[in-house]
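Counting in UniProt numbering, the sequence shown runs from 1 upward without gaps.
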Amino acid sequence: VYRGSVKDFQGFNANQDAEALYNAMKGFGSDKEAILDLITSRSNKQRVEICQAYKSLYGKDLIADLKYELTGKFERLIVSLMRPPAYSDAKEIKDAIGGIGTDEKCLIEILASRTNQEIHDLVAAYKDAYERDLEADIVGDTSGHFKKMLVVLLQVCPSVQGLCRWWVPVPRRAEPISVPQGTREEDDVVSEDLVEQDAKDLLEAGELKWGTDEAQFIYILGRRSKQHLRLVFDEYLKISGKPIERSIRGELSGDFEKLMLAVVKCVRSTAEYFAERLYKAMKGLGTRDNTLIRIMVSRSEIDMLDIREVFRTKYEKSLYNMIKEDTSGEYKKALLKLCGGDDDAAGEFFPEAAQVAYRMWELSAVAKVELRGTVQPTESFNDDGDAQVLRKAMKGLGTDEGAIIEVVTQRSNAQRQQILKAYKAHYGRDLMADLKSELSGSLAKLILGLMLTPAQYDAKQLRKAVEGAGTDESVLIEIMATRNNQEIAAINEAYQEAYHKRLEDDLSSDTSGHFKRILVSLALGNRDEGPENLTQAHEDAKKLADVSSNDSSDSLETRFLSILCTRSYPHLRRVFQEFIKMTNHDVEHAIRKRMSGDVRDAFLAIVRSVKNKPAFFADKLYKSMKGAGTDERTLTRIMISRSEIDLFNIRGEFIDLFDKSLHHMIEKDTSGDYRKALLALCGGED
1 VYRGSVKDFQ
11 GFNANQDAEA
21 LYNAMKGFGS
31 DKEAILDLIT
41 SRSNKQRVEI
51 CQAYKSLYGK
61 DLIADLKYEL
71 TGKFERLIVS
81 LMRPPAYSDA
91 KEIKDAIGGI
101 GTDEKCLIEI
111 LASRTNQEIH
121 DLVAAYKDAY
131 ERDLEADIVG
141 DTSGHFKKML
151 VVLLQVCPSV
161 QGLCRWWVPV
171 PRRAEPISVP
181 QGTREEDDVV
191 SEDLVEQDAK
201 DLLEAGELKW
211 GTDEAQFIYI
221 LGRRSKQHLR
231 LVFDEYLKIS
241 GKPIERSIRG
251 ELSGDFEKLM
261 LAVVKCVRST
271 AEYFAERLYK
281 AMKGLGTRDN
291 TLIRIMVSRS
301 EIDMLDIREV
311 FRTKYEKSLY
321 NMIKEDTSGE
331 YKKALLKLCG
341 GDDDAAGEFF
351 PEAAQVAYRM
361 WELSAVAKVE
371 LRGTVQPTES
381 FNDDGDAQVL
391 RKAMKGLGTD
401 EGAIIEVVTQ
411 RSNAQRQQIL
421 KAYKAHYGRD
431 LMADLKSELS
441 GSLAKLILGL
451 MLTPAQYDAK
461 QLRKAVEGAG
471 TDESVLIEIM
481 ATRNNQEIAA
491 INEAYQEAYH
501 KRLEDDLSSD
511 TSGHFKRILV
521 SLALGNRDEG
531 PENLTQAHED
541 AKKLADVSSN
551 DSSDSLETRF
561 LSILCTRSYP
571 HLRRVFQEFI
581 KMTNHDVEHA
591 IRKRMSGDVR
601 DAFLAIVRSV
611 KNKPAFFADK
621 LYKSMKGAGT
631 DERTLTRIMI
641 SRSEIDLFNI
651 RGEFIDLFDK
661 SLHHMIEKDT
671 SGDYRKALLA
681 LCGGED
């Protein structure tokens, strides 16, 4: 199925189009609207024919005339559209390595993402256009392992003869060049007997080796077919407990690391890779227009529809709308034409996006990844000694916050409870009261939170969320959607003891409708804890997918509640898998499309927690610190509650999702003793 956004124009007439373009540029000024409408609605092959017709009719070079009449980003976009794909890539690479400095990101994007045939054509086009050898130019402009991998990715063609059939004017025939026979196996090549061995070789070349054997990474990632590598990555996750991307980040560095990560991303999903590149080109202040133009041009006749759908799934907004918000003028109009439609308005969902959505959480479910906290019980623990250190830190004038942070953040919660008792026994004083009087602000909330048991802390956060004017629904959702049965039972007990009220009653009185029903169901702590049941999973998926029921007693929300709030996590993962098979939709997409408000947010939190709980918390931590200001309540709450459960895993997901470490973001976004305590809980820089 054709997945490009630009198709052959029906009733195409090269001479008529050439005349229309000539008239649009004739006289004073130019009709930019007419130019962009015509060029963005013709396929590349048709544009080449227009160039030939223009030359025949007027004896002039169309591209030269377009360059003369147009300016800036709009000119670059239109001229790029007029070049055949291989020549457009050749021009991008020539610009990337020409002059002072090298645009490594451009080299990585093109060479990591192109197929064997596309690389083959690129080498030929470069030779024809610049009378130079592409490999020699790249070797001369790069170095080290980065250079070696680029050369491996280039080595796919024995000859460049007969490949330059579309270029205008008629090209010079390139002489055969000596390039080794292709290194990347074609996609239908899967060496099943080598899958396990390749995974072991990668593990031994990185994680299990003192130093890194970069040559092994280059050999396997540069030679094996995409389908083979997908199986290798699955096997690697099983034997190492972590995705290959995380190992690459830990073992490699610099441009070589970025190149290998790009190769892995393109192996997994080229559409997802380009969706991410487009998002990064437009997010934040300023726009990386060269990247935006290059991708919109190069993918418009290949997989733009897939890129759009993945973009909508990953970033919860359409590519169309992000372009609309981030660009202007004729440049914007032309980009939107290439985009081909607004997925926020259409509400469509294609298999590629569903596959990516499933793969995004499947990674954590393939292997039984061990959950690890960052705070462990201290060996040679001495509760009396720690009580004395804390008393000394708060006695007299001033407070030694550093000593308090050192003790409290480096002890497990069970050890902190022993310190509370030892402090009371030695000094007849309440340690919590002393800490409260000596500390203030964000640090006080963090340290005092750490001194409570997990259940006491969660109960306190829930109480704050429901008391007073207004309700903090986001806190209710975060805690109730992510705790297991044992944790819920402990929270209920702690809530009753502290506030002499049942948690269920407070939730019922402070919320309403389906949202109340969801929270009350979760507060019961009756989630099944058994394994998946395939037959039941299929039936559950059918219930979630059914939008035809008009029975109010069996509303969509009721069906989602009865399944998402009661089934075991392993079973729900199977339900989500069956849902994708049945509908080509990820269940998250269905929830967003059919529900709204707190009900939608609660169901999404449950689904994300089931799929990958560390990734759910990584996302919340990132949102608490991105942009202006910091949501310290959320930051503090998650760092406390996950520090002994899965904060180490959250760190890994954080860097995978956002290309920066949790440690770095905390360091940049907080200050003083509060930052010191958070970094101590974080447990290390990734």
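The C-beta atom is built at its ideal place from N, Cα and C for all residues, glycine as well.
Check your understanding: Does the segment 246-260 touch the segment 268-285, meaning 3 or more C-beta pairs lie closer than 8 Å?
Key -> Fewer than three Cβ pairs drawn from the segment 268-285 and the segment 246-260 lie within less than 8 Å of each other, which leaves the two stretches out of contact.
Practice item. Look at Glu305 and Asp646 and say whether their C-beta atoms are less than 7 Å apart. Key: Your numbering for residue 305 matches position 305 in the sequence shown. Your numbering for residue 646 matches position 646 in the sequence shown. Here the sequence assigns Leu to residue 305, which means Glu is not the residue at that position. Not closer than 7 Å, so no.
Check your understanding: How big is the Cα-Cα spacing for Trp166 and Met82?
Key -> For the purposes of this step, residue 166 is taken as the residue at position 166 of the sequence shown. For the purposes of this step, residue 82 is taken as the residue at position 82 of the sequence shown. Bear in mind that a pLDDT of 31 at Trp166, under 50, signals an unreliable position, so the number given afterwards is only what the model happens to contain. Roughly 11 Å between the two C-alpha positions.
Review point. Along the chain, where does the alpha helix (DSSP H) that runs through Gly396 open and close?
Key: Looking up residue 396 in the sequence shown gives position 396. Segment: none, Gly396 is in no alpha helix (DSSP H) and carries neither H nor E.
Exercise for review: Compute the distance between the beta-carbons of Leu36 and Glu330, then report whether it is under 7 Å.
Suggested key: Residue numbering aside, residue 36 sits at position 36 when the sequence shown is read from its first letter. Residue numbering aside, residue 330 sits at position 330 when the sequence shown is read from its first letter. Closer than 7 Å, so yes.
Check your understanding: With distances taken from CA atoms, which of Met480, Glu487, Glu204, His145 is nearest Ala465?
Key -> Position 465 of the sequence shown, counted from the start, is the residue given in the question as residue 465. Sorting Met480, Glu487, Glu204, His145 by C-alpha distance to the C-alpha of Ala465 places Met480 at the top.
Check your understanding: So what does DSSP say about Glu19, is it helix, strand or coil?
Key -> Reading the sequence shown from its first residue, position 19 is the one you call residue 19. It is helical.
**Study point:** Burial state of Asp198, where buried means 16 or more other Cβ atoms lie within 10 Å
**Key:** As a position in the sequence shown, residue 198 is number 198, starting the count at 1. Classified as buried, Asp198 has 16 or more neighbouring CB atoms from the shown chains inside 10 Å of its CB.
Review point. Under three-state DSSP, which class holds Thr378?
Key: Here residue 378 refers to the residue found at position 378 when the sequence shown is read from its first residue. The three-state secondary structure of Thr378, taken from DSSP, is coil.
Point to revise | Exposure label - Lys45; buried when at least 16 CB within 10 Å | key: Residue 45 sits at position 45 when you count from the first residue of the sequence shown. By the neighbour-count rule (16 or more Cβ atoms within 10 Å), Lys45 is not buried but exposed.
Exercise for review: Within 10 angstroms of the Cβ of Ala677, are there 16 or more other Cβ atoms? Answer buried if so, exposed if not.
Suggested key: Numbered from its first residue, the sequence shown carries residue 677 at position 677. Counting the other CB atoms within 10 Å of its CB gives Ala677 a total of 16 or more, which places it among the buried residues.
**Study point:** Helix, strand or coil at Phe256 according to DSSP, with G and I counted as helix
**Key:** Residue mapping note: residue 256 aligns to position 256 of the sequence shown, counting from 1. Annotated three-state conformation of Phe256 is helix, per DSSP.
Point to revise | Within the segment 186-257, ranges of the alpha helix (DSSP H) (whole runs, at least 4 residues) | key: Runs of the alpha helix (DSSP H) inside the segment 186-257: 192-205, 214-223, 226-240, 244-251.
Practice item. Evaluate Trp210 with the Cβ neighbour count: other Cβ atoms within 10 Å of its Cβ, from every protein chain shown; 16 or more gives buried, anything less gives exposed. Key: Taking the sequence shown and counting its residues from 1, the one referred to as residue 210 is at position 210. By the 10 Å Cβ count, Trp210 comes out exposed.
Check your understanding: Would you call the segment 306-322 and the segment 11-19 touching, i.e. three or more CB-CB distances under 8 Å?
Key -> Touching, no, given that fewer than three Cβ pairs across the two stretches are closer than 8 Å.
Review point. When DSSP labels each residue in this structure, what does Ser159 get in the three-state scheme?
Key: Mapped onto the sequence shown, residue 159 falls at position 159. Confidence at Ser159 is low in this model, with a pLDDT of 33, below 50, so its placement is unreliable and no value can be given for it.
Exercise for review: Can you have a look at Ile100 and say buried or exposed, based on whether 16 or more other CB atoms are within 10 angstroms of its CB?
Suggested key: Locating residue 100 in the sequence shown gives position 100, counting from the first residue. With fewer than 16 Cβ atoms within 10 Å of its Cβ, Ile100 is classed as exposed.
Point to revise | Cβ-based neighbour list, Pro180, same chain, cut-off 7 Å, excluding 5 preceding and 5 following | key: Along the sequence shown, one-based indexing puts residue 180 at 180. With a pLDDT of 39 at Pro180, under the threshold of 50, the modelled position of this residue cannot be trusted; read the value that follows with caution. When the five nearest sequence neighbours on each side are left out, the beta carbons in the same chain lying within less than 7 Å of the beta carbon of Pro180 are those of Gln155, in order along the chain.
Exercise for review: Find the nearest neighbour of Gly402 within the set Val389, Ala414, Ser412, judged by alpha-carbon distance.
Suggested key: Translated into positions along the sequence shown, residue 402 becomes position 402. Per the Cα distances, Val389.
Exercise for review: Would you mind sorting Thr535 into buried or exposed? The rule is 16 or more other CB atoms within 10 Å of its CB.
Suggested key: Counting from 1 along the sequence shown, the entry for residue 535 is found at position 535. Under this definition Thr535 is an exposed residue.
Check your understanding: How should Glu379 be labelled, buried or exposed, when 16 other C-beta atoms within 10 angstroms of its C-beta is the threshold for buried?
Key -> For the purposes of this step, residue 379 is taken as residue 379 along the sequence shown, with counting starting at 1. Around the C-beta of Glu379, fewer than 16 other C-beta atoms lie within 10 Å, and the residue is accordingly described as exposed.
Review point. To the nearest angstrom, how far is it from the Cα of Thr115 to the Cα of Asp472?
Key: Within the sequence shown, the letter at position 115 stands for residue 115. Within the sequence shown, the letter at position 472 stands for residue 472. Distance between Thr115 and Asp472, taken at the CA atoms: about 50 Å.
Point to revise | Nonlocal neighbours in the same chain, by C-beta distance under 7 Å from Ser80, ignoring five residues either side | key: Locating residue 80 in the sequence shown gives position 80, where the first residue counts as 1. Excluding residues within five positions, the ones whose Cβ falls inside 7 Å are Ser88, Ile293, Val297.
Practice item. Please look up how many angstroms separate the CB atoms of Ser41 and Lys337, rounded, as I've assumed it's under 8 Å. Key: Position 41 of the sequence shown, counted from the first residue, corresponds to residue 41. Position 337 of the sequence shown, counted from the first residue, corresponds to residue 337. The distance from the Cβ of Ser41 to that of Lys337 is about 7 Å, consistent with a contact at the 8 Å cut-off.
Exercise for review: Counting only the same chain and skipping the five closest in sequence on each side, list residues whose C-beta sits under 8 Å from that of Leu544.
Suggested key: For the purposes of this step, residue 544 is taken as residue 544 along the sequence shown, with counting starting at 1. For Leu544, where only same-chain residues beyond five positions count, the Cβ hits under 8 Å are Arg559, Phe560, Ile563, Val575, Phe579, Val587, Ala590.
Practice item. May I have the straight-line CA-CA distance separating Ser555 from Ala680, to the nearest angstrom? Key: Numbered from 1 along the sequence shown, position 555 holds the residue referred to as residue 555. Numbered from 1 along the sequence shown, position 680 holds the residue referred to as residue 680. Distance between the alpha carbons of Ser555 and Ala680 is about 47 Å.
Point to revise | Inter-residue spacing [alpha-carbon to alpha-carbon] between Phe617 and Tyr68 | key: Position 617 of the sequence shown, counted from the start, is the residue given in the question as residue 617. Position 68 of the sequence shown, counted from the start, is the residue given in the question as residue 68. Answer to the nearest angstrom: the Cα atoms are 53 Å apart.
Point to revise | Cα-Cα separation, Ile323 to Leu522 | key: Translated into positions along the sequence shown, residue 323 becomes position 323. Translated into positions along the sequence shown, residue 522 becomes position 522. In a straight line, the C-alpha of Ile323 is about 40 Å away from that of Leu522.
Review point. Alpha helix (DSSP H) containing Glu467: first to last residue?
Key: Against the sequence shown, residue 467 aligns to sequence position 467. Glu467 -> no alpha helix (DSSP H), and no H or E assigned at all.
Check your understanding: Beta-carbon separation of Lys258 and Ile108 under 7 Å?
Key -> Here residue 258 refers to the residue found at position 258 when the sequence shown is read from its first residue. Here residue 108 refers to the residue found at position 108 when the sequence shown is read from its first residue. Result yes, Cβ atoms of Lys258 and Ile108 sit closer than 7 Å.
Exercise for review: Alpha carbon to alpha carbon, how far is Val123 from His664? Give it in angstroms, no decimals.
Suggested key: As a first step, residue 664 must be located in the sequence shown, where it is residue number 664. As a first step, residue 123 must be located in the sequence shown, where it is residue number 123. Just so you know, the alpha carbons of His664 and Val123 end up roughly 41 Å apart.
Check your understanding: Got a sec? Which residues, its chain only, sit under 8 Å from Ile53 by beta carbon, not counting five neighbours each side?
Key -> Along the sequence shown, one-based indexing puts residue 53 at 53. Per the sequence shown, residue 53 should be read as Ala rather than Ile. Excluding sequence neighbours, Ala53 sits near Ala14, Asn15, Asp17, Ala18.
Check your understanding: In its own chain, which residues sit with a C-beta less than 7 Å from the C-beta of Arg600, not counting the 5 before and 5 after it?
Key -> Counting from 1 along the sequence shown, the entry for residue 600 is found at position 600. Taking C-beta separations shorter than 7 Å and ignoring five residues to either side along the sequence, the partners of Arg600 in its chain run Ile591, Arg592, following chain order.
Check your understanding: If you draw a straight line from the alpha carbon of Ala602 to that of Glu504, how long is it in whole angstroms?
Key -> Working through the sequence shown from its first residue, we reach residue 602 at position 602. Working through the sequence shown from its first residue, we reach residue 504 at position 504. Rounded to whole angstroms, Ala602 and Glu504 show a C-alpha spacing of 16 Å.
**Study point:** Own chain residues within Cβ distance below 7 Å of Glu49, not counting five before or after
**Key:** Against the sequence shown, residue 49 aligns to sequence position 49. Counting only Cβ-Cβ distances below 7 Å, and skipping sequence neighbours, we find Ala14.
Review point. Where does Val123 fall in DSSP's three states?
Key: Residue mapping note: residue 123 aligns to position 123 of the sequence shown, counting from 1. Residue state, collapsed to three classes: helix.
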